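Visitor:
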Amino acid sequence: MAFSTNGGSSGVGRGRFRGTSTLSEINVVPLVDVVLVLLIIFMLTAHVMEFGMEVDVPHTKETKTASQDLPVVTISKDGNCSLNDRATNIHVIGQEILRRYGGQKAVYLRADKNANWDSIAQVVAALGDAKLAVNMVTQPVEAK
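Each residue of the sequence shown is one higher than the one before, counting from 2 in the working numbering.
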């Protein structure tokens, strides 16, 4: 790029850009390219990060669509428990939900289909002690 302070009228500015005026605008094309690439990246990662912990829930023939915005308790296949993607202790999960979500009477339970049943039973018992209804999260069976 060449810049000329005198409009290119003297012999000093010999070259390809003789007679061009000063460049006073910002080229926004690279900025738009970067913004579009970032938009695509965020769109792809938002789908992946829908749930922070990777859990393969069981498949069932009939499912109901979730109609309420309830806290989600997740149990991974290695028995780790989390409440809305924040790790928590299995034994105090009921009190934790009551403390964080005062008036809630129900929760969603996402458990990996390969999870240890002992972990699931402990979580259900802790939620029952806190008088919380448990709604299991499953995937519908795909039609063949």
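Where is the CB? At the ideal position from N, CA and C, for every residue including glycine. Model, not experiment: these values are computed from the prediction.
Taking Cβ to Cβ, would you say Asp74 is nearer than 8 Å to Leu40?
Guide: In the sequence as displayed, the identity of residue 74 is Val instead of Asp. No; because the gap between Cβ atoms is not below 8 Å, this pair is not in contact.
Visitor: Using only alpha-carbon positions, find the residue among Pro141, Asp79, Ala134, Leu128 that is nearest to Ala116.
Guide: Checking every option, the nearest Cα to that of Ala116 belongs to Asp79.
Visitor: Could you tell me the alpha carbon to alpha carbon distance between Val93 and Glu143, rounded to whole angstroms?
Guide: Val93 and Glu143 have their alpha carbons spaced roughly 36 Å apart.
Visitor: By the three-class DSSP mapping on this structure, what secondary structure does Ser83 have?
Guide: Looking at Ser83 - three-state DSSP - the assignment turns out to be strand.
Visitor: Measure the beta-carbon distance from Ala112 to Ile76 and round it to whole angstroms, keeping in mind my assumption that it falls under 8 Å.
Guide: Right, the Cβ-Cβ distance comes to about 4 Å (below 8 Å), so this counts as a contact.
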